[in-house]
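In mature numbering (1 follows the signal peptide of the UniProt record, and there is no 0), the protein residues as written are -23 to -1, 1 to 428.
Contents: one structure, followed by commentary.
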Amino acid sequence: MMKIPTLLLACAALAVGCTPTEEAPPAGNAFSLRAGGASCDRGIEVATSASGDVALVGTFEGTVDFGGGPLVSAGSTDIAFATWDAEGKPGTSVRFGSASQDGVPRIVAAGESAWVVAVNTQSEIDLGGGLLTPAGAAGAAIGKLDADGKHVYSTMLGATVSGMAAGGGDTLVVTGSFSGTLVLGSETLTSVGATDVFVAKLDGKGAVVWARAFGSAGLESGMDVAVDASGNVLLGGGMLAPVDFGGGPTTIAGGVDAVLVKLDANGNHVFTKTFGDVADQVIQAVATDAQGNIFFGGLFEGRLDFGSGELASQGRDLFLGKLDPTGAELWTRTFRLTSAEWDDSAPRIAADPKGGLVMTGTFTEAVNLGGLALEAAGQTDVYFARYDATGKHVQSRAIGDASYQLAGGVAVDRTGAAAITGSFYGTIDFGQGPLETAGDCDIYLARFPAP
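This is the structure in structure tokens:
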């Protein structure tokens, strides 16, 4: 039986279209860059702002320079935050860290040119407003930064975060897993089993507006979260036993089943969808477009049925889907993956302004994402793919060399330009010339204008 992945390797982006009174951001250029020192540095997630800026968060050890001057780690692994404009001009860069190794960071855009970052940590950490200390063994430090990387607010949650999404009115929704008792604002949540899922909404100052917990005697995982234009919350994950998300206990076909839950802006249940058979399936990424349609992706074994017929895997395969706001299937796709790992091969997705989907991920040997078959040049390569609003393949490409390349996150701005980040060994080329690592593994960032 699979272990439910504990790391969110997706970025759940809210696509916002331009209204007639809004000034559209510049289309910008294609650009790519690397950053890293002698140790292994990793790009984890990327976000794009309404003004077209790009920001990433990653982990590093030693020294790293994103174009604004060197950052030096204080602990074994620290967190880096850096921004660029749509032309690739460096903006600000900031280091966060503790004396111990810091966990996987998250980032979302907040408004025109502000950002919210989250860092899972086991020790005290300063996001710019003073030291934050976990109440238990681990917690998530959440902080808002302005366009210059300066501190706006920061707070510490008593559980680790696996997914985060910006909502309307400067709000934020986070999800993750916890055990025992979790206090979030005025809410005290108690787990039913070993590990339960929590979802919480925060206001523009980091205060908890509401919080919900979902669980059973088994193991549940909230992998990713998205927020639509009406403030509805979409949660994707996996479960081993029946769970009541507000609409009554779910049914389990066996193994780990994929689950997709919709809550309204106040945290009330709208619908729950479960998918699976006796094998293992998990939703690892969710996103939503300007019309409230729901995208999801993950890995599965066995068989799945999203509403229009059964889909069978050939091993451990990738699935993508799009539902309308009521949860009715619009389209689904499956793709064969070779030697897929539950965590490392998880897809990262983002909706584009036209109702399409952008996806990146890591693959070995070969994969066909709807166009020509892509072959890995070496150990693991990165793929990048686009689909239109009907699920039709638009483009796909493989990126890598004879060594290892790993996907991190993806985000799409209002022009349809996509940004991806991750890490690589050896050499990687996104079309602007080869980038070579300086030491062990380095961070990459690439931006592709809309086709």
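Where is the CB? At the ideal position from N, CA and C, for every residue including glycine.
Short of 7 angstroms from the beta carbon of residue 403, and not among the five residues preceding or following it, lie these beta carbons of its own chain, in chain order: 378, 379, 380 and 414. Here residue 273 is bridged, per DSSP, to 263 and 298. Annotated as distal: residue 389 and residue 301, with beta-carbon spacing of 9 angstroms or more. Taking a 10 Å sphere around the C-beta of residue 127, we find fewer than 16 other C-beta atoms and assign the residue as exposed. If you compare the alpha carbons of 347, 371 and 218 with that of residue 169, the shortest gap goes to 218.
Straight-line spacing of the CA atoms in residue 207 and residue 40 works out to 42 angstroms. Residue pairing of residue 328 in beta bridges, as defined by DSSP: 334. Listed in chain order, the non-local C-beta contacts of residue 393 below 6 angstroms within the same chain comprise 329, 330 and 427, local neighbours out to five positions each way being set aside.
Under the DSSP definition of a beta bridge, residue 58 partners with 34 and 71.
Annotated as distal: residue 254 and residue 276, with beta-carbon spacing of 9 angstroms or more. The shortest CA-to-CA distance from residue 143 to any of 291, 309, 220 and 210 is the one to 210. It is roughly 33 angstroms from the alpha-carbon of residue 307 to the alpha-carbon of residue 172.
For residue 136, there is no enclosing beta strand (DSSP E), as DSSP marks it with neither H nor E.
The residue from 395, 366 and 11 with its alpha-carbon nearest to that of residue 425 is 395. CA-CA distance, residue 124 to residue 347, rounds to 38 angstroms.
DSSP places residue 147 within a helical segment (H, G or I) once states are collapsed to three. Contact annotation: residue 247 and residue 240 have beta-carbon atoms nearer than 9 angstroms. The stretch 328 to 389 contains, as complete beta strand (DSSP E) runs of 3+ residues, the segments 334 to 340, 358 to 364, 370 to 376 and 382 to 389 (chain order). The Cβ neighbour count for residue 324, taken over all protein chains shown within 10 Å, is at least 16; the residue is labelled buried.
Contact between the stretch 342 to 362 and the stretch 14 to 33 is absent: fewer than 3 CB-CB pairs across the two stretches fall below 8 angstroms. Counting C-beta pairs closer than 8 angstroms gives fewer than three between the stretch 8 to 20 and the stretch 360 to 376, which falls short of the contact rule. Around the beta carbon of residue 66, fewer than 16 other beta carbons sit within 10 angstroms, so the residue counts as exposed. Restricting attention to 33, 43, 107 and 115, the CA atom closest to the CA of residue 85 is found in 33. Within the same chain, and ignoring the five residues on either side of residue 338 in sequence, the residues whose Cβ sits closer than 8 angstroms to its Cβ are 295, 322, 323, 324, 325, 359, 360 and 384. Membership of residue 19 in the beta strand (DSSP E) is indicated by the continuous run 19 to 25. The Cβ atoms of residue 73 and residue 120 lie closer than 9 angstroms to each other. Of the residues assessed, residue 365 falls on the exposed side of the cut-off, its CB having fewer than 16 other CB atoms within 10 angstroms. The shortest C-alpha to C-alpha distance from residue 343 to any of 362, 315, 213 and 335 is the one to 315. By the beta-carbon neighbour count (other beta carbons within 10 angstroms, threshold 16), residue 298 is buried. In the three-state reduction of the DSSP assignment, residue 102 falls in the strand class.
The alpha-carbon of residue 407 is positioned some 17 angstroms away from that of residue 19. In this structure, residue 71 sits away from residue 83, with a CB-CB distance that is not shorter than 9 angstroms. Around the CB of residue 228, fewer than 16 other CB atoms lie within 10 Å, so the residue is classed as exposed.
Take residue 309, set aside five residues on each side of it, and the residues of its chain with a beta-carbon closer than 6 angstroms to its own are 283 and 298, in chain order. DSSP places residue 89 in the coil class of the three-state scheme, outside both helix and strand.
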